[in-house]
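Here the structure is laid out as structure tokens; the discussion comes afterwards.
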Amino acid sequence: MSVHELSASELIAQLNAGEITSTELTRACLDRIERYDDRVQAFLQVGAESALEQAQAIDQKRKQKQPVGPLAGLPVGIKDLLCTQGVVTTCGSKMLEHFRPPYDATVIARLKQADAVLLGRLNLDEFAMGGSCENSAYFPTRNPWDLERIPGGSSGGSAAAVAAGMLPLTLGTDTGGSIRLPAGLCGVTGLKPSYGRVSRYGLVAFASSLDQIGPFGQTAEDCALALEVIAGHDPHDSTSVAQPVPAYRAALRQPLEGLRLGIVREHFGEGLDAEVEKAVREALRVYESLGAKLVDISLPHAKYGVAVYYLIAPCEASSNLARYDGAHYGHRTDEKAMHKQLAEERAVLQAAGNERGLGQLDSALVRMYRASRAEGFGAEVKRRIMLGTYALSAGYYDAYYLKALRVRRLIRQDFDEAFRQVDLIAGPVSAAPAFRIGEKADDPLSMYLVDLYTVSANLAGIAGISVPCGISQSGLPIGLQLQAPAFGEEKLLAGAHLYQQATDWHRRRPQLP
Amino acid sequence: MSETSYDIVIGLEIHVQLLTASKLFCGCSTKFGAPPNTQTCPVCTGMPGSLPVMNRRAFELGLRTALALNCQIAPFTKWDRKNYYYPDLPKGYQISQFDLPFSSEGWLEISDPKGKIEPRRIGIIRAHLEEDAGKSMHDEAAGQADSRIDLNRTGTPLLEIVSKPDMRSPAEAKAFLTELKLLLTYLEVSDCNMQEGSLRVDANVNLHIPTPDGKIATPIVEIKNMNSFRAVERALTYEAARQYEVWQETGQKIGDIPKQTRGWDDVANITRGQRHKEESSDYRYFPDPDLVPVTVTEATVADARAALGELPAALRTRLEATFGLTPYDSDVIVNQGKRGVEYFLELATHSGDGKLASNWFQQDVLRTLTEQKIEIDQFGLRPERLAGLLQKVRGKEIDTSRAREVFAAMATSQKSAAEVMAELGIVQVDESQLVELCRELLAANPKIVADIKEGRGKAAGALIGQAKKKNPNVNPGRLMEICLELAQGM
Amino acid sequence: MGLTRDEVEKVSLLARLQFTPAELERLTEQLGQIVDYVQLLAELDTTHVEPMAHPVDIANVFRPDEVRPSLPRDEVLANAPHHDQECYLVPAVLGD
């Protein structure tokens, strides 16, 4: 096997055994990026020089028999939403085209400490808002299995880079499915940890009560490896939970006899693609054959998940994104042109004797805000800011935001109830394999419904993982989603690992032209 | 109608900067006066990805204040975002408390030692924690096109205290503020420096006017930009008169027009209408998902209450009860702050005479502090030593005017009263010596003797000066007594 | 129930966004569809359900009151679109 087919865990073993150097591995990744990324377009930025420098430094460390970290020499890609000191962090937005954070996100600091080689910034839907990666302000990333199709989103670049063998390990973020969905559509393994498991410090917020950082790799073992590095309490994040970080890799081998797997009745209803259903049911049979017990369960409020999500997330986002106003960082409109425009508007109103219009005319400051934001944000981001602003505004708060918070609890209670009966919940990640680029561009609501199977985990704060479980007739990957109670990552990863020991879907790679 | 034919209704909103070393949500210093934008970090500048973590001390200081204001402490409190755009607010929202403040329903008693105000309780609606905004500076005179933004102050912990509209005169508002400031100083929760912005006051005011059709209320006006308690008093006085005039002209009642904000112009002595905000204030409050709630147990409240110490109102009562001081005197002493009171208490205890201690403290000690522009802590004449002098005054070993000389010498040295007295040659004059001296004086001043005999005893006062020349140690009081007695017998 | 164009325009000021008339038209329609969809929640009786703002049940997270180094000013201002030696610059803030 060539290095781009090996999993992160296998590569770490080779690096540690001295069978390959980090410099060789990093070069191999860079070569592959060079060769394929003009078509896949997973990367917003490739830091070849700095990556090679890091790789050489780690090779040097190994040579000198100095102790090295658990990811020593492994190239890792970062969703361009995680602040990295001195490195442009665009969030897929024109707004932050030139933004260089003066600090490292906690996960970045931990990766550095683990001696990972930070190689490149991965594309995403602008500010992580989207399920297709089409909302990047720069370019859409393409699905390596079919370049006419979306890789899923918002962490589309992170999934595509692993699927295309350009990187063994990447980080993404998941607010309503943004790791699990692209992992499923790209045929890789993607983990959304429980809320509070990984520090959000330095993760540019979309919806703070839902966002969580997680890894993409080829296998559950890769995710376990990464989670051991990035998980843990952080005094800079009030919502990070002070619970010890288990040895996730060791836990992969825990015996799972009698594993109780919950099958959600509501997940197999109308709208589920027949091929997806077939693949998922086949996966469930595999589990049964491995000794798992399938339990029929109900999540009666699951159908409200998308509605709840599309209230809570935009409300939080409308506030989180208020800071991008052109005053302190980010894009500011051309002030000369703005003043000229305002003067013209004023003149027109004055000539018409329109007192009311004059009274309503923006001040220069307000116009600066409005113009900067109108220019800096893309359509989807503006749509969600508008939705959230509306839902929080006077007279609507109770009916929308507060109502959503109440139903959120019902969704959480469904899970609590379910996890009294089962260890894990299994089902589809998405209703269908990857759709064509542009297919849903004009229909935000149908785009939102793509998140149907994934949003509930974010609302409830539980963990979820997407593992490859099939290939459609048209050659597109299909994902299986496993979900575990909050802080149940050990069993979740072990459950996924069990499946991957018995199947080879996660070994399938796209044929890149 | 006369001016007193309406009630002035005043409520106050006070923002107090809490005395923490670091900001509310990050480790940046809160020190005043640093060069612009040198006390900021990713958190307080609202950099993408940054997150707030609550300062424990800020919460504790808030709790302490709320308890001293007799507030109810909520067992569960949370943090909310108040969303609005302003360049001194880099996140686009202020972290504050909306529907579940950590404290509510308290009161503060105000009184006036001069008796102009009936002692009464002013209600406190709530006290909550929030973060301060930065500063925007605009120099229109210099023809500057841009405003300059300094974010040093951004994120400084503030306690917002909202009173009920319980005050009925500008003087009461001032008394409330004075008492509140004193309380905050005792609690050591804020330095209350209005010049540096650590205490800011906004006032809501309107009038209740009796009319033949019943009592009507004028539209509520919020007054800002008052930079001293005196300014608050003057602004409220002006505003009441202005509202009455406007009512007479327009008959406008509350609800007829939107709430107005007016700024106090301290030079012109008027309030001016301020430009309305760009839009109706719709702050879209919602719980801040980046911060977790705070729960306060009864034990925590009990501990905090126990640690409050003796507060001004209780201290005044104690001084009056223990030492027989007048309300006026106890007020002056308590107003000197904790250290001042401690000084007085030691002085009173060691000298064994509270009233005497009160006189010396108010007149001599405080005057010296003012002259030397120092705080009581820096005053070298500590109370035990001063008490030695007071004991001699009490024992009539020395008269007051000579005692002042001794005081002055003691204040600039480490000597005891006895030592200074010895140096100055102050010794008690023997009674027989004193009688002899009086005889001499009376013999030399027959006119005075005659006056005394005719009942003008005061005439004897003229002898004191002469006596002092002959012997500076004579006690004027005793001298007078002897002279009067002797003169009667002449 | 949907939204009116006027409402959307009002919200656009509140959100400090601006749209062309054509954009406003489309946005009114799209937001209307989404708002109609989320009406789905109205069918649930949630009278006795506590709102859930946080997915984790933790409370009382504090940091000690310790001063940490601030950022050097040039690093703070490095990302500012417009600044002088000391301060951020923005179009004149008037009134207030």
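Protein chains in written order, with our numbering: chain A, 644 to 1156; chain B, 999 to 1488; chain C, 14 to 109.
Note that CB positions come from ideal geometry on N, CA and C, so glycine has one too.
- Query: Would you say Ala1066/B and Leu1306/B are within 7 Å of each other, going by their C-beta atoms?
  - Reply: Start at 1 with the first residue of the second sequence, and residue 1066/B comes out as number 68. Start at 1 with the first residue of the second sequence, and residue 1306/B comes out as number 308. Yes.
- Spatially closest choice to Asp617/A from Arg678/A, Asp702/A, Ala1061/A, by CA coordinates: Given a span of 644 to 1156 for chain A in the structure shown, any question on residue 617/A remains unanswerable.
- Could you spell out the range, first to last residue, of the alpha helix (DSSP H) harbouring Gly1113/A? The residue labelled residue 1113/A in the question sits at position 470 within the first sequence. Not the alpha helix (DSSP H): Gly1113/A falls in the beta strand (DSSP E), residues 1106 to 1114.
- Task: Round the Cβ separation of Glu1231/B and Lys1172/B to the nearest angstrom and send it over; I've been treating them as touching at under 8 Å.
- Result: Taking the first residue of the second sequence as 1, we reach residue 1231/B at position 233. Taking the first residue of the second sequence as 1, we reach residue 1172/B at position 174. That pair is a contact at about 4 Å.
- Within 7 Å of chain C by C-beta, residues of the region 1265 to 1297 of chain B in sequence order: Gln1272, Arg1273, Glu1277, Asp1280, Pro1285, Pro1287, Val1290, Pro1291, Val1292, Thr1293
- Item | C-alpha distance - Lys1134/A paired with Ala894/A, whole-angstrom precision | Along the first sequence, read from residue 1 onward, the residue named residue 1134/A stands at position 491. Along the first sequence, read from residue 1 onward, the residue named residue 894/A stands at position 251. Roughly 8 Å between the two C-alpha positions.
- Query: Start and end of the beta strand (DSSP E) containing Ile1123/B?
  - Reply: Position 125 of the second sequence, counting from 1, holds the residue named residue 1123/B. 1118 to 1129 is the extent of the beta strand (DSSP E) around Ile1123/B.
- Local Cβ density within 10 Å of Lys835/A, reported as buried at 16 or more and exposed below that: Indexing the first sequence from 1 puts residue 835/A at position 192. Under this definition Lys835/A is a buried residue.
- For Pro68/C, three-class secondary structure by DSSP: Here residue 68/C refers to the residue found at position 55 when the third sequence is read from its first residue. Coil.
- Whose C-beta lies closer than 8 Å to the C-beta of Gly1322/B among residues of the same chain, with five residues either side of it excluded? Translated into positions along the second sequence, residue 1322/B becomes position 324. The residues are Gly1352, Lys1353.
- Looking at C-alpha atoms only, which residue of Thr1018/B, Ala1416/B, Glu1429/B, Lys1257/B is the closest neighbour of Ser1187/B? Taking the first residue of the second sequence as 1, we reach residue 1187/B at position 189. The question names Ser, yet the displayed sequence has Val at residue 1187/B. The shortest Cα separation from Val1187/B among Thr1018/B, Ala1416/B, Glu1429/B, Lys1257/B belongs to Thr1018/B.
- Query: Going along the chain, which unbroken runs of the beta strand (DSSP E) with 3 or more residues stay wholly within the region 787 to 866 of chain A?
  - Reply: 812 to 817, 832 to 835, 855 to 860
- Query: What residues of chain B sit near Val62/C, judged by a beta carbon separation below 9 Å?
  - Reply: On the third sequence, residue 62/C is found 49 positions in, with the first residue counted as 1. Here the premise fails: no neighbours, minimum Cβ distance about 16 Å.
- Task: Can you say whether Gly1463/B is buried or exposed, counting buried as having 16 or more other CB atoms within 10 angstroms of its CB?
- Result: Taking the first residue of the second sequence as 1, we reach residue 1463/B at position 465. Flag for Gly1463/B reads exposed.
- Message: Can you give me the C-alpha to C-alpha distance between Arg1314/B and Gly1212/B, rounded to a whole angstrom?
- Response: Working through the second sequence from its first residue, we reach residue 1314/B at position 316. Working through the second sequence from its first residue, we reach residue 1212/B at position 214. C-alpha separation (whole angstroms): 42 Å.
- Message: Within a Cβ cutoff of 8 Å, which residues of the same chain sit near Glu1276/B, ignoring the five residues on either side of it in sequence?
- Response: On the second sequence, position 278 is the one that residue 1276/B refers to. Annotation note: pLDDT 47 at Glu1276/B (below 50); position unreliable, coordinate value reported separately. Cβ neighbours of Glu1276/B beyond the five flanking positions: none.
- Query: Looking only at DSSP bridge pairs, what is Gly1122/A linked to?
  - Reply: Translated into positions along the first sequence, residue 1122/A becomes position 479. According to DSSP, which records beta bridges pairwise, Gly1122/A is partnered with Pro1111/A.
- Give a yes or no on whether the C-beta atoms belonging to Ser1015/A and Gly969/A are separated by under 7 Å. Within the first sequence, numbered from 1, the residue matching residue 1015/A stands at position 372. Within the first sequence, numbered from 1, the residue matching residue 969/A stands at position 326. Yes, the Cβ-Cβ distance between Ser1015/A and Gly969/A is below 7 Å.
- Query: In chain order, what residues of the same chain lie with their CB nearer than 6 Å to the CB of Ser797/A, ignoring the 5 residues before and after it?
  - Reply: As a position in the first sequence, residue 797/A is number 154, starting the count at 1. If we look at Ser797/A and ignore the five residues flanking it on each side, its Cβ neighbours are Leu767, Asp768, Ala771, Gly773, Ser821.
- Query: Is it right to say Arg1303/B is buried, meaning 16 or more other beta carbons lie within 10 angstroms of its own, or is it exposed?
  - Reply: Here residue 1303/B is taken as the residue at index 305 of the second sequence, counted from 1. By the neighbour-count rule (16 or more Cβ atoms within 10 Å), Arg1303/B is not buried but exposed.
- Message: Is it the case that the region 881 to 901 of chain A contacts the region 1045 to 1057 of chain B, given that we only count it when at least three CB pairs across the two stretches are under 8 Å?
- Response: yes
- Of the choices Leu717/A, Val730/A, Asp723/A, Gly1031/A, whose alpha-carbon is the least far from that of Asn92/C? The sequence position of residue 92/C within the third sequence is 79, counting from 1. It is Val730/A whose Cα lies nearest to the Cα of Asn92/C.
- Count the other CB atoms, across all protein chains shown, that sit within 10 Å of the CB of Asn1223/B; report buried if there are 16 or more and exposed otherwise. Translated into positions along the second sequence, residue 1223/B becomes position 225. Flag for Asn1223/B reads buried.
- Query: Tell me, which residues are paired with Ile1068/A by DSSP?
  - Reply: Taking the first residue of the first sequence as 1, we reach residue 1068/A at position 425. Gly905/A, Gln1126/A, per the DSSP bridge assignment.
- Task: Check whether the Cβ of His647/A lies closer than 7 Å to any Cβ atom in chain C.
- Result: The sequence position of residue 647/A within the first sequence is 4, counting from 1. For His647/A, the answer is no, since every Cβ of chain C falls outside 7 Å of its Cβ.
- Item | For Met1090/A and Tyr952/A, the rounded distance between their alpha carbons | For the purposes of this step, residue 952/A is taken as residue 309 along the first sequence, with counting starting at 1. For the purposes of this step, residue 1090/A is taken as residue 447 along the first sequence, with counting starting at 1. Distance between the alpha carbons of Tyr952/A and Met1090/A is about 13 Å.
- Which bits of chain B does Asp968/A rub up against, with CB to CB less than 7 Å? Counting from 1 along the first sequence, the entry for residue 968/A is found at position 325. Correct list: Tyr1083, Gly1090.
- State the start and end residues of the unbroken alpha helix (DSSP H) segment that holds Thr1366/B. Counted from its first residue, the second sequence places residue 1366/B at position 368. Thr1366/B -> alpha helix (DSSP H) spans 1364 to 1370.
- Decide if Gly1081/A is buried, meaning its Cβ has at least 16 other Cβ atoms within 10 Å, or exposed. Counted from its first residue, the first sequence places residue 1081/A at position 438. Label assigned to Gly1081/A: exposed.
- Message: Here's a check: name, in chain order, each residue in its chain whose Cβ is nearer than 6 Å to the Cβ of His1013/B, leaving out the five neighbours to either side.
- Response: Residue numbering aside, residue 1013/B sits at position 15 when the second sequence is read from its first letter. Closer than 6 Å at the Cβ level, and outside the excluded window around His1013/B, lie Leu1156, Glu1158, Arg1198.
- Beta-carbon separation of Pro745/A and Leu84/C under 7 Å? Your numbering for residue 745/A matches position 102 in the first sequence. Your numbering for residue 84/C matches position 71 in the third sequence. For Pro745/A and Leu84/C, yes; Cβs fall inside 7 Å.
- Message: Looking at chain C, is there any beta carbon in it that lies within less than 7 Å of the beta carbon of Ala656/A?
- Response: Within the first sequence, the letter at position 13 stands for residue 656/A. It does not: the Cβ of Ala656/A has no partner Cβ on chain C nearer than 7 Å.
- Touching or not, the region 754 to 765 of chain A and the region 714 to 729 of chain A, by the rule of three or more beta carbon pairs under 8 Å? yes
- Item | Under the three-state DSSP convention, the category Leu16/C falls into | Residue mapping note: residue 16/C aligns to position 3 of the third sequence, counting from 1. Note: Leu16/C maps to coil in three-state DSSP.
- Message: Considering only the alpha carbon of each residue, which of Glu1369/B, Gln1376/B, Arg1380/B, Thr1368/B lies closest to Ala1355/B?
- Response: Numbered from 1 along the second sequence, position 357 holds the residue referred to as residue 1355/B. For the residues Glu1369/B, Gln1376/B, Arg1380/B, Thr1368/B, the minimum Cα distance to Ala1355/B belongs to Arg1380/B.
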